[in-house]
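Contents: one structure, followed by commentary.
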Amino acid sequence: MTGWEALGVLGAGVGAGVLTSTVGVASLLSFPVLVAVGLPPVVANASNTVGLLAGSLSGSFGYRAELREHPRATLIVLVTCGVGSVAGAVLLLTLPPGVFETVVPWLILLSCLLVGAQPWISRWLRRTRNEPARLRHDLSPATVVFSVLTGTYGGYFGAGSGVMMAAVLGLGTDLPVRIVNALKTLAVMAANVVASAIFVVVADLHWGAIGLLAAGSLVGGYLGARIGRRMSPTVFRVVVVVVGVTAAVVMLL
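Per this note's numbering, numbering through the sequence shown is continuous, rising by one, with the last residue being 253.
Here you go:
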């Protein structure tokens with residue numbers, strides 16, 4: 001890796017850290033950079049997961065006040081995404097490379113659609129339940145199941161997993177956007193912690209790239225949390241939809 005390539009990986013780490021704590025599409029920035037500097041896709045994927053762990057940790061720390069407001073939801077997201085990521089990491093190491101290449105962009109597009117339409121869908125759901133004044137702060141069984149599935153995807157590939165988690169929490173709860181952002185970042189962290197532990201033991205990793213990504217994402221994750229807690233619901237949804245759709249289209253092309 002040349003000096004300019006190393007600088008590019010470091011910069012991708014900073015940007016990915018910010019995206020982890022705000023929009024949730026960090027790997028769509030950092031993973032292509034690792035491939036571009038010459039890492040094989042599977043090595044790049046596993047190294048990317050381990051390298052971005054620092055960003056999700058610093059981002060979750062930046063959201064610590066929001067996470068303390070709803071300890072039950074915080075614990076459920078932490079456990080479900082952690083358990084789900086075990087299956088995702090196993091899939092990455094056992095399935096042929098590129099198995100989900102055609103599916104991932106469509107999953108991201110669907111998640112963007114759900115995030116964008118969340119206010120209207122939530123109002124329709126409340127009308128159908130005849131409970132217009134009730135706010136849902138606990139995760140329903142269906143939301144828990146989708147949280148596990150999101151953790152599985154996060155352990156397998158992770159690109160756009162934050163967007164997917166925002167859609168799950170946005171439809172399954174009535175939590176404020178700053179809380180959703182905090183839980184989304186925690187979900188990414190949980191998946192990264194478990195998957196990284198597995199990859200360190202059994203996967204082929206590029207430790208130089210991991211170190212650069214970790215250094216950059218550590219700063220970017222905390223900075224992103226400071227930005228994310230100040231985002232209005234409308235701005236959050238617009239940014240998620242625009243960035244997510246752009247990333248999905250790039251992947252399709």
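From the three backbone atoms N, C-alpha and C, an ideal C-beta is built for every residue, glycine too.
Evaluate residue i with the Cβ neighbour count: other Cβ atoms within 10 Å of its Cβ, from every protein chain shown; 16 or more gives buried, anything less gives exposed.
i: proline 105; result: buried
i: alanine 225; result: buried
i: valine 14; result: buried
i: arginine 237; result: buried
i: glycine 38; result: exposed
i: valine 201; result: exposed
i: serine 232; result: exposed
i: glycine 3; result: exposed
i: threonine 74; result: buried
i: isoleucine 108; result: buried
Between which two residues does the alpha helix (DSSP H) harbouring residue i extend?
i: phenylalanine 157; result: Phenylalanine 157 -> no alpha helix (DSSP H), and no H or E assigned at all.
i: tyrosine 222; result: 207-228
i: methionine 189; result: 177-202
i: proline 96; result: That residue, proline 96, is in no alpha helix (DSSP H); it is neither H nor E in DSSP.
Could you work out which residue in the options is closest to residue i when comparing CA atoms only?
i: serine 140; options: Val168, Ala36, Thr20, Ser60; result: Val168
i: valine 249; options: Leu183, Gly160, Ala195; result: Gly160
i: serine 58; options: Gly116, Met189, Arg72, Leu253; result: Met189
i: serine 147; options: Leu183, Ala117, Leu223; result: Leu183
i: threonine 150; options: Leu218, Ala46, Val86; result: Val86
i: methionine 1; options: Val35, Gly154, Gly51, Gly24; result: Val35
i: glycine 11; options: Leu78, Val43, Met164, Gly211; result: Gly211
i: asparagine 48; options: Leu28, Ser60, Phe61; result: Leu28
Pull up the distance between the alpha-carbon of residue i and that of residue j, whole angstroms please.
i: leucine 213; j: serine 30; result: 8 Å
i: threonine 173; j: leucine 253; result: 34 Å
i: arginine 178; j: proline 71; result: 15 Å
i: alanine 197; j: cysteine 81; result: 14 Å
i: proline 32; j: alanine 16; result: 11 Å
i: arginine 230; j: cysteine 112; result: 20 Å
i: alanine 117; j: valine 241; result: 10 Å
field: Length-filtered (4 minimum) alpha helix (DSSP H) runs lying within the stretch 10-63
entry: 27-36, 41-51, 53-62
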